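To start, the structure itself, in structure tokens.
In the UniProt record's numbering, the protein residues as written are 1 to 354.
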């Protein structure tokens, strides 16, 4: 009996110990699970934050790529524009044939050197009074000065049977805008030094079907110069046109209308025919402190068209103001205009080369 009680006591005792041990184990496990859950929640929260950071980083990367794409595209466009501008404003090369003939290596500045030419006969050049621009008081009438006395020789071209625009002093950057908006064929009297500085614009004039003519090398008042310097102004102008446009001009217009019998005699030996004007737009006054207004000029054009609808108009393609005005003048006159060659039924050039 006693032994049974002892066994029972032993079992009871061990069961009680095991039960308490189990309780303690369960409590410990519960604590561990709780801490694991806390860890998992923390890890989950950290993972979400990391994912958010990755999303932000991804957005930043995508934005950066997009911006880089835009930058690359913009750079490509700017590079293309820069190339086009470089081509448009790059100076014309000095041709080898001209280097050999002149023994020079580059185009001259504003005062071109005189290069002797075999075909120029100085005995055919009359003696004449040299005079400066706007100093006409002592200029004799027998030298037939256009700028002083409006004297015109029989072979000078003064007018046209259609009211017609002509443009002086180009090519310039402003010429490009004019070419894009002009709807008739015109004659451009170009400066040699500008042809060299803007050869692509000069070529664009020709490609658009317009005629080009000489306006000397650097816009000098010819009657004030020596014979040699007049020759230099014409020869370098012709050489610039030949080197850039592959042609020799038929017509020329003296700057400021500075023309007399001495200048005519020299020009004729180059085969050049002088083109003057009987309608002056005075568009250059738009750039002066006390200008003739655009409205005044357009009124004059309306009167010319209404009066007889004929004449050669002097204009300039030097600035945006003058070229914008030229487009408005064309709208008034219309498209019945002619080139100088068409006005006189003559050829465009003395010679054109392929």
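We treat Cβ as the ideally placed atom computed from N, Cα and C, and that holds for glycine. All values reported here derive from a predicted model rather than from experimental measurement.
Report all residues from its chain with a CB closer than 6 Å to the CB of residue 243; omit the five preceding and five following residues, and keep chain order.
-> Excluding residues within five positions, the ones whose Cβ falls inside 6 Å are 95.
Whose C-alpha, out of 339, 272, 248, 226, is nearest the C-alpha of residue 114?
-> Of the candidates 339, 272, 248, 226, the one whose C-alpha sits nearest the C-alpha of residue 114 is 226.
Below 7 Å CB to CB, which residues in the same chain sit around residue 172 once its five sequence neighbours on both sides are set aside?
-> Correct list, in chain order: 194, 198, 317, 318.
Pairwise C-alpha distance: residue 283 and residue 289 | Going by the C-alpha atoms only, they are around 13 Å apart.
Contact under 8 Å by Cβ, residue 267 with residue 234 | Against a cut-off of 8 Å, the Cβ pair of residue 234 and residue 267 comes out as a contact.
Whole-Å CB distance - residue 276 paired with residue 146, under 8 Å assumed | Correct: roughly 6 Å between the Cβ atoms.
For the putative contact between residue 337 and residue 164, defined by C-beta atoms under 8 Å, what is the C-beta separation to the nearest angstrom?
-> Under the criterion of beta carbons closer than 8 Å, residue 337 and residue 164 qualify as touching, at roughly 5 Å.
Ignore the nearest five residues each way along the sequence and tell me which others in residue 107's own chain have a CB closer than 7 Å to its CB.
-> Here residue 107 has 94, 196 as same chain residues with Cβ atoms under 7 Å from its own Cβ, once five neighbours each way along the sequence are excluded.
Given 8 Å as the limit, is there contact between the stretch 293 to 302 and the stretch 256 to 265, that is, 3 or more CB pairs closer than that?
-> Touching, no, given that fewer than three Cβ pairs across the two stretches are closer than 8 Å.
DSSP beta-bridge partners for residue 329?
-> DSSP lists no partner for residue 329.
Determine the direct distance from the alpha carbon of residue 183 to that of residue 210, and round the result to whole angstroms.
-> Residue 210 and residue 183 have their C-alpha atoms spaced approximately 11 Å apart.
Around the C-beta of residue 129, are 16 or more other C-beta atoms found within 10 angstroms, so that it is buried, or is it exposed?
-> Residue 129 is exposed by the Cβ-count criterion.
Which partner residues does residue 170 have in the DSSP bridge list?
-> Bridge partners of residue 170: 190.
Quick one: what's got a C-beta closer than 6 Å to residue 353's C-beta in the same chain, skipping five residues either side?
-> Excluding sequence neighbours, residue 353 sits near 246.
Once you ignore the five residues that flank residue 215 on each side, which residues in its own chain have a CB closer than 6 Å to its CB?
-> Once the five neighbours on either side are set aside, the close Cβ partners of residue 215 are 168, 189, 190, 191, 253.
Just confirm the distance between the C-beta atoms of residue 230 and residue 222, as a whole number of angstroms; I'd bet it's less than 8 Å.
-> That belief holds up - the Cβ atoms of residue 230 and residue 222 are roughly 5 Å apart, short of 8 Å.
Using the Cα positions of residue 78 and residue 207, report the straight-line distance between them to the nearest angstrom.
-> Residue confidence is low: residue 78 scores 46 on pLDDT, short of 50, so the model does not pin down where it sits. No coordinate-derived value is stated.
Classification of residue 218 by the beta-carbon crowding that lies within 10 angstroms, buried from 16 upward | Its Cβ being crowded by 16 or more others within 10 Å, residue 218 is buried.
Check residue 101 in the structure and name its three-state DSSP category.
-> Reduced to three states, the DSSP call for residue 101 is helix.
Candidates 249, 186, 322, of which the one nearest residue 335 by Cα | That would be 186, whose Cα lies nearest to the Cα of residue 335.
When the Cα atoms are used, what is the spatial distance from residue 100 to residue 309?
-> For residue 100 and residue 309, the distance between alpha carbons rounds to 49 Å.
Helix, strand or coil: how does DSSP classify residue 164 here?
-> Here residue 164 carries a strand assignment [DSSP, helix/strand/coil].
Around the C-beta of residue 304, are 16 or more other C-beta atoms found within 10 angstroms, so that it is buried, or is it exposed?
-> Around the beta carbon of residue 304, a 10 Å sphere encloses 16 or more other beta carbons of the protein chains shown; the residue is thus reported as buried.
Compute the beta-carbon to beta-carbon distance between residue 362 and residue 325, rounded to the nearest angstrom, for a pair I have assumed lies under 8 Å.
-> This structure gives no information on residue 362, because the portion of the chain shown stretches from 1 to 354.
Give the DSSP-derived three-state secondary structure of residue 252 in the structure shown.
-> The answer is strand: DSSP assigns residue 252 an E or B state.
Assuming residue 153 contacts residue 264 (C-beta within less than 8 Å), just tell me the rounded distance between them.
-> Confirmed, about 6 Å.
Output yes or no for whether 8 Å exceeds the beta carbon distance between residue 250 and residue 346.
-> With a cutoff of 8 Å on beta-carbon distance, residue 250 and residue 346 are scored as near each other.
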